[in-house]
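K.L.:
By the count of this note's numbering, the sequence shown reaches residue 56 at its end, each step adding exactly one.
Where a beta carbon is used, it is the ideal one built from N, C-alpha and C, also for glycine.
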Amino acid sequence: MTEEEKTEEKASTKKEHVCTVCGKVADATICQACEEKIRGEAFEKKRVIEKS
Ligand SMILES: [Zn+2]
């Protein structure tokens, strides 16, 4: 195991929430950037469904 991997393992055991999508530290389960992205994708999908 490299020193870098050890540091990463330590960080993952911290109590801080991390985004389940990008893995970055976030206040919620999903960080704002990913949440917006998912919302945008869901919105696009909905539009496609409504169109057809
Ligand atoms: Zn994220």
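1) Using the C-alpha atoms, what's the distance from residue 31 back to residue 21?
2) Quick one: residues in its chain with C-beta nearer than 6 Å to the C-beta of residue 49, no 5 flanking neighbours on either side, listed in chain order?
3) With a CB to CB cut of under 6 Å and the five nearest residues on each side skipped, what residues in its chain are close to residue 23?
4) Going by the DSSP bridge assignment, what does residue 29 pair with across the sheet?
5) Where residue 26 and residue 46 are concerned, what is the direct C-alpha to C-alpha distance, given to the nearest angstrom?
P.N.:
Answer, in terms of the structure:
1) The count along the sequence shown starts at 1 and reaches residue 21 at position 17. The count along the sequence shown starts at 1 and reaches residue 31 at position 27. The straight-line gap from Cα to Cα measures roughly 6 Å.
2) By 1-based counting over the sequence shown, the position of residue 49 is 45. Contacts found: none.
3) What you label residue 23 is simply residue 19 of the sequence shown in a count that begins at 1. These residues qualify, in order along the chain: 30, 34, 35 and 38.
4) Here residue 29 corresponds to residue number 25 of the sequence shown, with the count starting at 1. Paired residues: 22.
5) In the sequence shown, residue 26 corresponds to position 22, counting from 1. In the sequence shown, residue 46 corresponds to position 42, counting from 1. Straight-line Cα distance between these residues: approximately 18 Å.
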